[in-house]
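Before any comments, here is the structure.
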Amino acid sequence: MSASPPTPVTCSSCGTTTPDPALTGMVEHDRVRGTSWVCGECLRGNVRAVEAKLDRAWW
Numbered sequence: 001m002s003a004s005p006p007t008p009v010t011c012s013s014c015g016t017t018t019p020d021p022a023l024t025g026m027v028e029h030d031r032v033r034g035t036s037w038v039c040g041e042c043l044r045g046n047v048r049a050v051e052a053k054l055d056r057a058w059w
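Position one of the sequence shown corresponds to residue 1 (full-length UniProt numbering), numbered consecutively onward.
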């Protein structure tokens, strides 16, 4: 059984694309926007807003 190659992902905040999502990133699921990925750098810069569950408009 062979593993499939990782699917490239793009950060929904800054637009950075990476061929392999890092463990420091975050995947979020939203009924309106669907599934999106946030890179580790954007996550670190907005960790208080993420933990407070603020709407993305406040990031």
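Note that CB positions come from ideal geometry on N, CA and C, so glycine has one too.
Keep in mind that this is a model prediction, so the values were computed, not measured.
>> Considering only the alpha carbon of each residue, which of 36, 52, 23 lies closest to residue 14?
In response: 36
> DSSP on residue 11, reduced to helix/strand/coil?
Replying inline: strand
> Considering residue 34, what are the terminal residues of the beta strand (DSSP E) in which it resides?
Replying inline: 34-38
> Going by the beta-carbon positions, is the gap between residue 52 and residue 40 smaller than 7 Å?
Replying inline: no
> In terms of residue numbering, what span does the beta strand (DSSP E) encompassing residue 55 cover?
Replying inline: That residue, residue 55, is in no beta strand (DSSP E); it is neither H nor E in DSSP.
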